[in-house]
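Q: Residue numbers (the working numbering): 3 to 207. Beta carbons: idealized from backbone N, C-alpha and C, even for Gly. The structure presented is a predicted model; accordingly, all values stated were derived computationally and were not measured. Structure in structure tokens, see below.
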């Protein structure tokens with residue numbers, strides 16, 4: 003008499019995913035992250051097949067990567083790893099004041115005082131730009147013209163125009179211009195410039 007003894011393998015491999023990984027955002031298109039491999043073992047198969055569903059590049063934020071271990075009997079087990087891409091890099095911008103003092107031919111006319119250019123960010127294609135202007139004189143100079151400054155955007159360039167007229171005893175209108183760029187991750191960069199625009203009419207009498 004004979005007896006058939008069949009040994010089967012229905013036990014899936016053991017798999018432990020790598021620890022969570024993080025990386026700084028490299029570009030708006032995504033970030034390549036090198037992942038360590040999982041820890042695997044199997045009761046029968048010494049060379050367990052391992053794969054994952056990781057994308058070629060990772061987007062900003064959290065991505066869950068599923069690791070799968072499959073033995074030569076077709077038994078499979080999975081484990082998950084979280085990959086986090088962060089953005090801690092603020093935008094860039096350039097605030098240019100052509101000269102510390104800009105003469106005006108007319109007190110009521112607006113003169114170009116500054117430009118904001120080169121606004122860029124590794125993640126955000128169009129960072130939010132806020133420009134504020136303050137003056138050592140009250141709003142509206144003695145001529146009563148308003149506004150005393152104006153911001154004009156021409157594509158990727160912001161122009162800041164200011165008025166020369168003053169309302170106090172000084173003949174100099176001093177403006178402080180601040181430009182702030184904020185990306186979609188809330189990171190900000192700020193630049194400040196000061197420009198003096200003398201009132202061509204001289205000191206108020």
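Comparing C-alpha positions only, which one of 27, 81 and 180 sits nearest to residue 87?
A: 27
Q: Straight-line CA distance for residue 49 to residue 73?
A: 8 Å
Q: Kindly indicate which three-state DSSP category residue 138 falls into: helix, strand or coil?
A: coil
Q: Considering Cα atoms alone, identify which of 62, 18, 38 and 187 is closest to residue 78.
A: 18
Q: Can you tell which of 93, 6, 52 and 152 has the C-alpha that lies nearest to the C-alpha of residue 115?
A: 152
Q: To the nearest angstrom, how far is the alpha carbon of residue 21 from that of residue 67?
A: 11 Å
Q: Could you give the distance in angstroms between the alpha-carbon of residue 199 and the alpha-carbon of residue 34?
A: Cα to Cα, the separation comes out at about 50 Å.
Q: Exposed or buried, residue 223, counting other C-beta atoms within 10 Å across all chains shown (16 or more means buried)?
A: Since the first and last residues shown for the chain are 3 and 207, residue 223 lies out of range.
Q: Using the three-state DSSP reduction, which class does residue 122 fall into: helix, strand or coil?
A: strand
Q: Only counting the same chain, and skipping five residues up and downstream in sequence, which positions put a Cβ closer than 6 Å to that of residue 183?
A: 93, 95, 121, 129, 131 and 191
Q: Would you please state the rounded distance, in angstroms, between the beta carbons of residue 85 and residue 181? I believe it to be under 8 Å.
A: Their Cβ separation, rounded to whole angstroms, is 35 Å, which puts residue 85 and residue 181 out of contact at 8 Å.
Q: Can you tell me whether DSSP reads residue 188 as helix, strand or coil?
A: coil
Q: Alpha carbon to alpha carbon, how far is residue 123 from residue 207? Give it in angstroms, no decimals.
A: Confidence is the limiting factor: at residue 207 the pLDDT is only 48, short of 50, which leaves the residue's position unreliable and the question unanswerable from this model.
Q: Just reading off the beta strand (DSSP E) that residue 83 is part of, what are its end residues?
A: 78-88
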